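Asker: Can you keep this structure in mind? I'll have questions shortly.
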Amino acid sequence: MATAVEDRADNRQSPLSDAVVVRFAGDSGDGMQLTGGQFTLSSALAGNDFATFPDFPAEIRAPQGTLFGVSAFQINFGSSAIETAGDAPDVLVAMNPAALKTNVPQLKPGGLIIADEGEFNDRNLAKAKYDANPLDDGSLAKWQLLKLNISQLTMDAVKPFGLGNKEALRCKNMWTLGLALWMFDRDRQPLIDWLNGKFAKDPNLAAANVAALNAGHAYGETAELAGPLKQHHVDPAPVAPGLYRTLTGAEGIALGLVAGAQLAKLPMFFGGYPITPASAILHHLSRLKEYDVTTFQAEDEIAAICSAIGASYGGSLGVTSSSGPGIALKGEAMGLAIMTELPLVIVNSQRGGPSTGLPTKTEQSDLYQAVYGRNGDAPMPVIAARSPGDAFECAIEACRIAVQYMTPVMLLTDGYIANAAEPWKVPDLESYDDFPVEFLTEVPEGGFKPYGRDANLKRPWVKPGTPGLLHRIGGIEKEVDTGHINYAPDNHQAMTDIRKAKVDGVKVPDQVVELGAEGGKLAVVGWGSTFGPIHQAVRRKRAEGADVSHVHIRHIWPLPANLGELLKSYDKVIVPEMNTGQLKTVLRDQYLVDAKPVNKVSGQPFTIAEIEAAIEEALA
Amino acid sequence: MNEMTTIARTTTLKDWETDQEVRWCPGCGDYAILKAVQRTMPEIGTAPENTVFISGIGCSSRFPYYMETYGFHTIHGRAPAFATGLKLANPDLDIWIVTGDGDGLSIGGNHTMHLIRRNLDCQIMLFNNEIYGLTKGQYSPTSRVGTTSPSTPYGSVDRPAQPAAFALGAGARFVARGFDVSKELPNVLKAAHAHKGAAFIEIFQNCIVYNKDVFEDFAAPKGAEDRQLWLKQGEPMLYAKGTKGIALDADELHLKTVDVIDGDWEEAGVIVHDVTNRSVAHMLVEMRFGEFPMALGVLYDDPRPTFEADVVRQNKAASEGKTADLQGLLKKGQTWTVTEGGPEL
């Protein structure tokens with residue numbers, strides 16, 4: 077986690093004692109994301125550090141009981157630094173056979189299965205393609221199994237409230253949450269308050285949900301003596317004092333963009349088009365009108381970016397956001413923003429590709445697209461966020477570069493960061509330097525040159541409506557200084573060189589080593605959301621005495637000036653990525669270092685164990 | 050948003066000309082349209098610095114380089130999207146979109162449709178020459194069936210789009226037609242500018258290289274009065290020096306041509322042009338030239354609230370009584386404080 081890592085002891089986690097991974101899995105309609113979200117809040121209030129991983133299907137209402145309709149929410153919480161959602165769950169809550177079947181393979185040996193046996197009927201077993209009931213046939217012997225008829229227990233608990241069958245069963249997730257709260261010694265009151273607020277318009281329904289929650293909790297107390305269920309208290313994690321909230325990546329991006337626009341003293345214009353998993357950013361921003369934010373849901377991805385460029389031309393900070401397929405559609409317009417040298421922030425919430433690919437699963441496979449993916453020599457700064465909290469910082473950085481260099485900037489995040497939540501220490505905005513934009517408002521000494529340049533090679537920003545500075549811009553090659561149409565060979569060479577020099581010259585901070593030393597046997601180089609598993613794996617290996625360091629790159633383009641020397645100070649470099657080796661290619665190309673790829677493209681984040689294995693192999 | 054007051058200023062045609070060399074083919078209809086626009090702007094009385102010409106790609110889209118205003122030559126088909134962002138960023142700007150039949154109806158048809166349906170306040174000049182000029186003469190979405198071109202050596206087989214009908218179908222509140230060398234064009238442009246909202250103007254334009262004189266059958270000066278119906282608000286739909294007119298066949302619900310004897314158009318059933326009559330507008334845009342004269346001028350004009358005004362209004366209403374306290378926003382939602390004693394709500 078970005079906020080508090082430095083404040084914590086560099087100790088190896090002991091999953092059994094101070095960190096627990098729980099996975100809630102059920103049908104899409106079972107409310108598992110809600111259950112997980114509320115359990116997350118409860119973890120925050122218990123002072124645990126945590127990381128979450130919502131894992132849901134692309135279908136909105138997949139047919140009930142099917143394998144592809146399973147929705148899961150995993151949370152890793154503990155009393156020391158948590159940076160990933162956990163490799164293998166300790167506890168699996170399975171609300172139906174399909175949820176059991178798709179999730180039990182990841183459960184730790186000896187882990188606990190809590191299954192709603194009321195849903196393990198012939199019909200649901202058949203839908204999950206079970207020949208026999210796994211709860212009865214001994215196939216789950218390597219785990220502890222707790223069979224409860226959660227459906228029936230919930231029905232009994234909410235009976236006094238006279239709900240219909242369907243409504244009563246909807247309270248199942250609260251019963252389950254109540255049990256989970258008991259298991260981890262959590263206070264129920266914040267959840268009860270939340271339920272009363274959520275169902276304020278229907279006090280009867282609120283009372284029913286509270287009753288289900290209480291019944292689940294009471295069941296835990298009663299069952300403790302009899303079965304495998306044990307209460308487990310996880311101590312608070314030592315974190316820096318301050319005000320905290322939970323933050324998802326989509327929230328981090330939205331808030332960071334607003335902060336960036338305010339630091340630039342500009343109104344923000346956001347042009348977007350619905351696409352998973354990027355839409356959440358549009359949703360957040362469309363509620364923030366009082367921050368001088370205008371949001372526009374365009375007719376398509378192309379119109380979304382073009383409207384944002386139009387707004388930047390008019391003097392707003394134009395922003396657009398999408399995911400891989402939508403970013404592909406925006407490519408031509410990015411070229412125009414590069415050619416006309418207008419500021420623009422493009423957020424790419426990456427997902428599994430190519431084509432439609434895996435819309436709700438995570439991947440880092442758009443790095444080539446970000447760095448190289450346009451026609452012509454079209455250089456553009458690229459920044460990658462490592463976590464929800466870091467997304468806030470990166471969004472501000474993207475805004476800064478866009479206006480200080482008059483250039484489009486791509487901000488890479490991914491489906492994992494977008495949906496995952498982490499505790500975030502609320503930053504003090506006073507601590508950020510502002511970067512107010514100065515528009516050109518009158519003819520400068522020596523005459524007005526629309527493509528004249530300052531020390532950053534930035535051209536002036538003139539708002540239409542300004543008297544005396546009338547000029548025309550467009551996508552045809554510009555003449556140096558004047559910006560008139562010019563196809564002359566020398567001019568194109570000069571302008572291509574200027575565009576490259578401008579982006580190459582973007583000032584980015586020197587690369588730091590996250591963990592370990594400068595120089596040594598092995599550097600594990602990552603970018604984006606692989607931060608958590610890489611950091612934990614390197615920490616564990618260092619605790620065992622291995623000479624390994626973690627380098628995590630935020631500025632993908634241009635790369636930090638010291639990066640080449642830094643990489644060459646290690647005997648070996650490995651690059652874990654959720655793609656087939658894209659940053660690896662860039663590093664090899666830029667520095668002629670023998671960076672070795674470690675790749676995973678399953679739509680799931682790396683586990684710590686996978687990175688540990690890669691480190692072991694590299695050091696062997 | 051910018052606080053800007055539009056200062057009406059006296060300008061002349063010269064004030065609207067740039068120093069850039071015009072690069073259209075000699076004799077191209079675009080020259081006449083450019084002159085008509087430059088002649089119209091002083092009469093409208095807006096300031097050049099407050100005016101923006103936005104274009105896509107194609108011959109017509111070179112237009113902004115020749116207007117001494119702000120100008121943005123964007124990418125193929127997307128001018129409406131740039132215009133939307135610009136207008137939302139600064140609703141005080143006077144925006145003119147310049148597009149063509151390929152740019153605005155083929156690659157950019159989607160954006161044209163949505164700009165019109167949203168009713169962004171701007172003028173859309175669609176230069177229709179029924180051909181792709183800049184790419185050397187391929188048939189376009191408005192080319193007539195059988196058009197031979199480099200890409201259709203045996204003649205095109207697909208039926209053409211009708212720009213004015215397309216615009217009206219998309220929800221346009223202003224639809225007009227003119228042609229490049231027509232003396233009436235400035236009046237059409239002025240009416241379009243006076244309309245608050247998306248004003249769609251189809252301008253027939255003669256591509257002298259790849260589709261020469263394709264509109265000659267109605268645009269030729271000789272016999273023009275028999276082939277052109279210039280619509281005027283409140284006036285009967287008469288042509289051929291008042292000897293013919295347009296009437297409504299109320300039983301079959303379509304328009305028909307009628308002879309007018311001794312100027313008694315009422316007796317002949319000729320209808321009076323009401324620019325706010327949407328039903329008649331639908332018939333006018335569908336009126337087939339040949340059987341009918343070409344309907345020109347303002348076919349339809351009935352304003353509605355504009356998109357950018359509604360967005361600004363909603364943004365204001367949603368901000369009412371709220372302060373932009375970003376630090377407060379960061380703290381919004383469920384928070385907890387970590388002290389030495391542990392977390393608390």
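Residue numbers (the working numbering), protein chains in the order written: chain S, 77 to 696; chain E, 50 to 394.
We put the CB at the ideal spot given by N, CA and C, even for glycine.
Since this is a predicted model, take the numbers as computed values, not measurements.
Would you mind reading off the limits of the beta strand (DSSP E) that contains Y320 of chain S?
Answerer: Taking the first sequence and counting its residues from 1, one reaches residue 320 of chain S at position 244. 318-324 is the span of the beta strand (DSSP E), which, as asked, contains Y320 of chain S.
Asker: Could you round the C-beta distance between E327 of chain S and P464 of chain S to whole angstroms and report it? I think they count as a contact, below 8 Å.
Answerer: Taking the first residue of the first sequence as 1, we reach residue 327 of chain S at position 251. Taking the first residue of the first sequence as 1, we reach residue 464 of chain S at position 388. Right, the Cβ-Cβ distance comes to about 7 Å (below 8 Å), so this counts as a contact.
Asker: What does the alpha-carbon distance come out to for the pair Q666 of chain S and T371 of chain S?
Answerer: As a working mapping, residue 666 of chain S is identified with position 590 in the first sequence. As a working mapping, residue 371 of chain S is identified with position 295 in the first sequence. Those two C-alpha atoms are separated by around 38 Å.
Asker: Quick check on this structure: which residue in E:D64, E:P140, E:A344, E:E357 has the alpha carbon closest to the alpha carbon of Y288 of chain E?
Answerer: On the second sequence, position 239 is the one that residue 288 of chain E refers to. Looking at the Cα atoms, E:A344 is the closest of the given residues.
Asker: Against chain E, which members of the segment 369-387 of chain S pass a CB distance test of less than 7 Å?
Answerer: T370, F372, A374, E375, D376, I378, A379, C382, S383, A384, I385, G386, A387
Asker: DSSP has W385 of chain E in a bridge; who is on the other side?
Answerer: Looking up residue 385 of chain E in the second sequence gives position 336. Partner(s): S:Y320.
Asker: Going along the segment 375-387 of chain E in order, which residues come within less than 9 Å of chain S, judged by CB to CB distance?
Answerer: Close to chain S, meaning a Cβ-Cβ distance shorter than 9 Å, are the following residues of the segment 375-387 of chain E: L375, Q376, L378, L379, K380, K381, G382, Q383, T384, W385, T386, V387.
Asker: Suppose contacts are defined by Cβ-Cβ distances below 8 Å. Is L668 of chain S in contact with A622 of chain S by that definition?
Answerer: Translated into the one-based positions of the first sequence, residue 668 of chain S becomes position 592. Translated into the one-based positions of the first sequence, residue 622 of chain S becomes position 546. At a Cβ-Cβ threshold of 8 Å, L668 of chain S and A622 of chain S do not count as neighbours.
Asker: Can you check whether the CB of K248 of chain S is closer than 8 Å to the CB of M171 of chain S?
Answerer: Counted from its first residue, the first sequence places residue 171 of chain S at position 95. Counted from its first residue, the first sequence places residue 248 of chain S at position 172. Contact flag set, yes.
Asker: My understanding is that A120 of chain S touches F129 of chain S, with C-beta atoms under 8 Å, so please give their C-beta distance in whole angstroms.
Answerer: The residue labelled residue 120 of chain S in the question sits at position 44 within the first sequence. The residue labelled residue 129 of chain S in the question sits at position 53 within the first sequence. That pair is no contact at about 16 Å.
Asker: Does the distance from the C-beta atom of V584 of chain S to that of H626 of chain S stay below 8 Å?
Answerer: In the first sequence, residue 584 of chain S corresponds to position 508, counting from 1. In the first sequence, residue 626 of chain S corresponds to position 550, counting from 1. The answer is no: Cβ separation not under 8 Å.
Asker: Are there 16 or more other CB atoms within 10 angstroms of the CB of N280 of chain S, so buried, or fewer, so exposed?
Answerer: Start at 1 with the first residue of the first sequence, and residue 280 of chain S comes out as number 204. The residue in question, N280 of chain S, is exposed, as its Cβ has fewer than 16 Cβ neighbours within 10 Å.
Asker: Taking Cβ positions only, does T372 of chain E come closer than 8 Å to chain S?
Answerer: Position 323 of the second sequence, counted from the start, is the residue given in the question as residue 372 of chain E. Yes, its Cβ sits closer than 8 Å to a Cβ of chain S.
Asker: How about A174 of chain S and L143 of chain S: do their beta carbons lie closer than 8 Å?
Answerer: Numbered from 1 along the first sequence, position 98 holds the residue referred to as residue 174 of chain S. Numbered from 1 along the first sequence, position 67 holds the residue referred to as residue 143 of chain S. Yes, the pair counts as a contact, with Cβ atoms nearer than the cut-off.
Asker: Leaving out five residues before and five after T55 of chain E in sequence, what residues of the same chain have Cβ atoms less than 8 Å from its Cβ?
Answerer: By one-based count along the second sequence, residue 55 of chain E stands at place 6. Note that T55 of chain E scores 48 on pLDDT, short of 50, meaning its location in the model is unreliable; the coordinates nonetheless yield the value given after this. Around T55 of chain E: T95, A96, N99, D141, D143.
Asker: Within a Cβ cutoff of 7 Å, which residues of the same chain sit near G390 of chain S, ignoring the five residues on either side of it in sequence?
Answerer: Here residue 390 of chain S refers to the residue found at position 314 of the first sequence. Within the same chain, K539, P540 come within 7 Å of G390 of chain S by CB-CB distance, once the 5 residues on both sides are set aside.
Asker: By a C-beta neighbour count over all protein chains shown, 10 Å radius and 16 as the cutoff for buried, is I691 of chain S buried or exposed?
Answerer: Working through the first sequence from its first residue, we reach residue 691 of chain S at position 615. With 16 or more other CB atoms across the displayed protein chains lying within 10 angstroms of its CB, I691 of chain S is buried.
Asker: For the alpha helix (DSSP H) that F260 of chain S lies in, which residues bound it at each end?
Answerer: For this step, residue 260 of chain S is matched to residue 184 along the first sequence. That residue, F260 of chain S, is in no alpha helix (DSSP H); it is neither H nor E in DSSP.
Asker: Using DSSP with H/G/I as helix, E/B as strand and the rest coil, what is T483 of chain S?
Answerer: Position 407 of the first sequence holds residue 483 of chain S. Coil.
Asker: In whole angstroms, give me the CA-to-CA distance for Y320 of chain S and D350 of chain E.
Answerer: Here residue 320 of chain S corresponds to residue number 244 of the first sequence, with the count starting at 1. Here residue 350 of chain E corresponds to residue number 301 of the second sequence, with the count starting at 1. The alpha-carbon atoms of Y320 of chain S and D350 of chain E are separated by roughly 57 Å.
Asker: Answer with buried or exposed for I150 of chain E, where buried requires no fewer than 16 other C-beta atoms within 10 angstroms of its C-beta.
Answerer: The residue given as residue 150 of chain E occupies position 101 in the second sequence. Per the sequence presented here, residue 150 of chain E reads as Asp, with Ile not at that position. Counting Cβ neighbours within 10 Å, D150 of chain E comes out buried, since at least 16 surround it.
Asker: Identify the contact partners of S368 of chain E in chain S, using a Cβ-Cβ distance below 9 Å as the criterion.
Answerer: Here residue 368 of chain E corresponds to residue number 319 of the second sequence, with the count starting at 1. Under a criterion of Cβ atoms nearer than 9 Å, the residues of chain S adjacent to S368 of chain E are, in order, K365, E366, Y367, D368.
Asker: By the DSSP assignment, the alpha helix (DSSP H) with K235 of chain S in it spans what residues?
Answerer: By 1-based counting over the first sequence, the position of residue 235 of chain S is 159. It is not in any alpha helix (DSSP H) - K235 of chain S carries neither H nor E in the DSSP assignment.
Asker: Should the segment 330-343 of chain E be regarded as contacting the segment 253-270 of chain E, the criterion being three or more beta carbon pairs within less than 8 Å?
Answerer: Short answer: they touch.
Asker: How would you label E693 of chain S, buried or exposed, when you count the other beta carbons within 10 angstroms and need 16 or more for buried?
Answerer: To locate residue 693 of chain S, count along the first sequence from 1; it is residue 617. Looking at its Cβ environment, which holds fewer than 16 other Cβ atoms inside 10 Å, E693 of chain S is exposed.
Asker: Indicate whether at least one CB of chain S lies closer than 8 Å to the CB of I310 of chain E.
Answerer: In the second sequence, residue 310 of chain E corresponds to position 261, counting from 1. No, no contact with chain S.
Asker: Pick out whichever of S:K578, S:P565, S:V649, S:H628 has its Cα sitting closest to the Cα of E598 of chain S.
Answerer: Translated into the one-based positions of the first sequence, residue 598 of chain S becomes position 522. First, the residue type needs correcting, since residue 598 of chain S is Leu and not Glu in the sequence shown. The residue with the shortest Cα to Cα distance from L598 of chain S is S:V649.
Asker: Flag this pair as touching only if the segment 257-271 of chain S and the segment 214-233 of chain S have three or more C-beta atom pairs under 8 Å; answer yes or no.
Answerer: no
Asker: At least one CB of chain S closer than 8 Å to the CB of F121 of chain E: is that the case?
Answerer: On the second sequence, position 72 is the one that residue 121 of chain E refers to. At a cut-off of 8 Å between beta carbons, F121 of chain E contacts chain S.
Asker: Look at the alpha carbon of N51 of chain E and the alpha carbon of N168 of chain E, and state the distance between them as a whole number of angstroms.
Answerer: One-based indexing of the second sequence puts residue 51 of chain E at position 2. One-based indexing of the second sequence puts residue 168 of chain E at position 119. Summary for N51 of chain E: the model assigns pLDDT 42, below 50, so the residue's position carries little reliability, and this model does not support an answer.
Asker: Using the rule of at least 16 other Cβ atoms within 10 Å of the residue's Cβ for burial, across every protein chain shown, is K261 of chain E buried or exposed?
Answerer: Locating residue 261 of chain E in the second sequence gives position 212, where the first residue counts as 1. K261 of chain E should be labelled exposed.
Asker: Give the single residue among S:L255, S:P312, S:A454, S:L342 whose Cα lies nearest to the Cα of A95 of chain S.
Answerer: Translated into positions along the first sequence, residue 95 of chain S becomes position 19. Answer by Cα proximity: S:P312.
Asker: In the DSSP output, what is K223 of chain S paired with across the bridge?
Answerer: Within the first sequence, residue 223 of chain S is the residue found at index 147, counting from 1. Its beta-bridge partners are S:A191.
Asker: Kindly indicate the opening and closing residues of the alpha helix (DSSP H) around V360 of chain E.
Answerer: Sequence index remark: in the second sequence, residue 360 of chain E carries index 311 (1-based). Taken as a continuous stretch (DSSP letters only), the alpha helix (DSSP H) holding V360 of chain E covers 356-368.
Asker: Show which residues of chain S have a CB atom less than 8 Å away from the CB atom of D266 of chain E.
Answerer: Start at 1 with the first residue of the second sequence, and residue 266 of chain E comes out as number 217. At a C-beta separation below 8 Å, D266 of chain E has no neighbours in chain S, since its nearest C-beta there lies roughly 36 Å away.
Asker: What does L137 of chain E reach in chain S if we use C-beta pairs closer than 7 Å?
Answerer: For the purposes of this step, residue 137 of chain E is taken as residue 88 along the second sequence, with counting starting at 1. Chain S residues near L137 of chain E: F345, T370, F372, A387.
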